Amino acid sequence: MDRAAGGEMLWSPYELDNVFPAESFRQVFNGEVFHVPGNLNNTYCRPVTCDDVSCSAVEMCTYETASPLCCRTAIQHPSKHEARGIIMWHSEVLSPCALRSIIRQSRDIKNTSGIAAGYQQANVVILHKDLADDFEAFCRVNSSPLPLLYRSKCGEWSCGPLATGSDIREDCPEYCVFENGKLMKKISSLSSFTPQLADMVTFYLGCSFGFEAALKAAGVPVRNVEQGKNVSMYKTSVPCIGTGRFHCPMVVSMRPVPEDKLDAAAQCTHVIPLAHGGPVHIGHPKLLGIHDLSRPDYGDPVDVCSGDVPVFWACGVTGVEAVQSCKPALAFTHSPGCMFITDQKAETVSPLTLEPTQCPLTFCISQNPQLYSMASKRAVQQIQAIEELVVEDPGARGIRALFLQDELLKACLSLSHSSSVLITTGFPTHYMHNPPEETDGPPGAIAMAAMLQALRKEVVIVTDKRALEMNQHIMLDAVKKGVIKTAVPVISFQSNGPDSALHFLCRDGDPTKPRFDHLVAIERSGRAADGNYYNMRGVNIRHLVDPIDDLFTTASTIAGITTTGIGDGGNELGMGKVKAAVKSYMPNGNLIACDVGADFAITAGVSNWGGYAVACALYVLSLCPIHWRYLQRGLGLSPTPDQQSLWSACLPTIAKEEDMLHILVKYGVRSGKTANLGLEVDGLTFHPYHSDIIQRLRHLTLA
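Under this note's numbering, read the sequence shown as residues 525 to 1227, first letter to last.
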């Protein structure tokens, strides 16, 4: 390559044959032939400075086409005039080899997003050899932000498996130089550091630019490329798994995605783990500790279009943060957005060909703040089958009319993201007996608590003060019988003023400091529109019920608290979400319908079955690799066999649930429909009705 008088690069015919891809075509100017990149669409061409302004060749080389992209190369026009040629701005048709050659000769490329479409790009971290093993271990346990493509030998400039003829000292558009963890400067070449690099190791780490072509192929707009910007990158409050001297927060990249394209974006990136894989968060940035999307820590602010949802992927700039945390005497990285372009084709897999276990699906589980979750198509199908099972109606109560599909799925996705859960139960339907409670509710509550406990969630049960001591004894007996591993605190709530619920739910009554992030009501008396509480026969039992509904109504005003109601008749707390159906289809519906709704309303033939279903669905989600990875933000390792065994041991069993009923009978708790004191719930004997449902639930869950 030569340089023209004005400093422009001129390619010789030999160089053209070696750097342009096969799809280039030949075009004739003044009867002489030279190569031009194949497709002039989206290409801007201008003449190189020439002393002879009347040169017809220069005029013929002028094209009026679209605005330029960020990469340029020059093609020499073969004529007698010195410094004659055209500047080609069309990086998408150039081979990686051509682009690396251009980067070495010109520093006009300011970021590599949107170029080398279909090829893998790499983040770069260069460290002293003494730190190399620790950094590799750090990459292994944080593989989503730091997918390791290649570790060089000490002092190796090339990376044979990734790119032929490469030189890491020259092939990134810009580099960062760190001394003792501080960024000292950004430079366009590392050649001046060649002596120091002889004792250093280069790590090539996957980059999300490698999945941009897959996004486009799936019909997902890449907003930063559309806007001619670098991608937005942010430091988060999510700590990476520390190893050796490397401890740092994860960095994420953000791409706004239309809501109806979320599944496509998750599916086409999930199958490219070397480009960070699928998203690690979808929704409000504050859940990652990001306070202002318009002020990225790295890259450019990207405009979010109406209907877009912020989608966050793990980012290799985490390596830059790792270098700063380690504080090595000298280290280098690429400058964020200025990647190393490899010769490796980026994977593209059609979402239509994905197996159910490898096909992510996205679901909105909160709007305040906005949060989406993910699970595999296979896990979703399992949970839908569980949901269908527990809505069976052997008592012929017509509860199918209250059924909303996927409420179980979305409630359990939300519970899976939670850290602290408050459960309430207790329906004193037998006002003529002491105690007035029924056998539906407590078994399902304890089944949920057992699984949540195994998943390391904090769990508290709240019930009526009148029944507090009895329920505390029931909990202790459940532990002795092995129904639940550890006793869950059982407390009561009393309303002593307008802010009682707020102070109960939040520390110091501060709505920004909730104690619980999910409330679950199972077979809990629900307040009707007239302020009273009714059993299914229309009898007012208000005198037996504490105002736990206030917790749900207050929770609906607090960002970050989600609610779920589980019921089998429509008069239960939370079932206000389906009160129109209750009034239309249930006996005494206009009178008894609960007026207090929940974010999710799970309908079951017997409420206990809904609790069992929650426990089973949580287990299914925990064993779903797609959901587990998303829940862990792509960090750490998969669940161990010991963890999986612990979770499976907490699933409902026929033996445990029979023991639970024996405990309730011991305390005089009766069947809801018949008031029988025996192994019966809602008029259905434990054998065969409830035992059969439990057995079938386990079959679906463990399949």
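A virtual CB, placed ideally from N, CA and C, is assigned to each residue, including glycine. If you're wondering where the values come from, they're calculated on a predicted model, not measured in any experiment.
In this structure, residue 1076 and residue 1097 form a Cβ contact; the two beta carbons are roughly 6 Å apart against a cut-off of 8 Å.
Residue 898 is bridged by DSSP to 886. Only buried fits residue 1025, as 16 or more other CB atoms lie within 10 angstroms of its CB.
Residues 1029, 1043, 1085 and 1087 of the same chain have their beta carbon placed closer than 7 Å to that of residue 1079, with the five preceding and five following residues left out of the count. Residue 699 is positioned such that its CB atom lies no closer than 7 Å to that of residue 721. When secondary structure is reduced to three states using DSSP, residue 737 falls in the helix class.
From the listed residues 758, 959 and 1148, the smallest Cα separation to residue 1194 is found for 959. When the beta-carbon positions are compared, residue 731 and residue 647 come within less than 7 Å of each other. Within its own chain, the residues whose Cβ lies closer than 6 Å to the Cβ of residue 1045, once the five positions on either side in sequence are excluded, are 948, 1089, 1097 and 1098, listed in chain order. A distance below 7 Å between beta-carbons, with the five flanking residues on each side excluded, links residue 796 to the following residues of its chain, in chain order: 734, 735, 738, 870 and 871.
Contact between the stretch 798-809 and the stretch 832-845 is present: 3 or more CB-CB pairs across the two stretches fall below 8 Å.
Rounded to whole angstroms, the separation of the alpha carbons of residue 657 and residue 1165 is 28 Å. Selection 894, 1147 and 821 evaluated against residue 979 yields 1147 as nearest (Cα-Cα). Around the beta-carbon of residue 936, 16 or more other beta-carbon atoms lie within 10 Å, marking it buried. Counting the other CB atoms within 10 Å of its CB gives residue 1219 a total below 16, which places it among the exposed residues. With 16 or more other Cβ atoms from the protein chains shown falling within 10 Å of its own Cβ, residue 1142 counts as buried. Relative to residue 1014, the option among 1005, 995 and 1021 whose CA is nearest is 995. Of the residues 928, 1064 and 986, the one whose Cα lies closest to the Cα of residue 1106 is 928. For secondary structure counted as the beta strand (DSSP E) over 3 or more consecutive residues, the stretch 683-707 holds these complete runs in sequence order: 699-703.
Of the candidates 974, 823, 864 and 914, the residue whose Cα lies closest to the Cα of residue 644 is 864. The beta strand (DSSP E) runs lying completely inside the stretch 628-688 and spanning 3 residues or more are 643-652 and 672-675, given in chain order. Here residue 809 is buried: its Cβ has 16 or more other Cβ atoms, across all protein chains shown, within 10 Å. By the neighbour-count definition (other C-beta atoms within 10 Å, threshold 16), residue 1068 is a buried residue. In this structure residue 1114 is exposed. Its beta-carbon is surrounded by fewer than 16 other beta-carbon atoms within 10 angstroms. When DSSP states are grouped into helix, strand and coil, residue 1174 belongs to the coil group.
Nearest C-alpha to residue 792 among 919, 942, 877 and 750: 877. Rounded to the nearest whole angstrom, the C-alpha separation of residue 912 and residue 852 is 58 Å. At the C-beta level, residue 973 and residue 1007 stay beyond 7 Å of one another. Cβ atoms of residue 1151 and residue 859 stay farther apart than 8 Å, at about 35 Å. The beta carbons of residue 964 and residue 1196 sit closer together than 7 Å. Between the C-alpha atoms of residue 992 and residue 1016 there is a straight-line separation of about 7 Å. Membership of residue 1106 in the alpha helix (DSSP H) is indicated by the continuous run 1103-1109.
Leaving aside the five residues that flank residue 828 on each side, the residues in its chain whose CB is nearer than 6 Å to its CB run, in chain order, 780. When only Cα atoms are considered, residue 812 and residue 835 end up about 11 Å apart. Of the residues 1224, 770, 784 and 1191, the one whose Cα lies closest to the Cα of residue 1001 is 1191. With respect to the 7 Å criterion, residue 709 and residue 678 are not classified as neighbours on the basis of their beta carbons.
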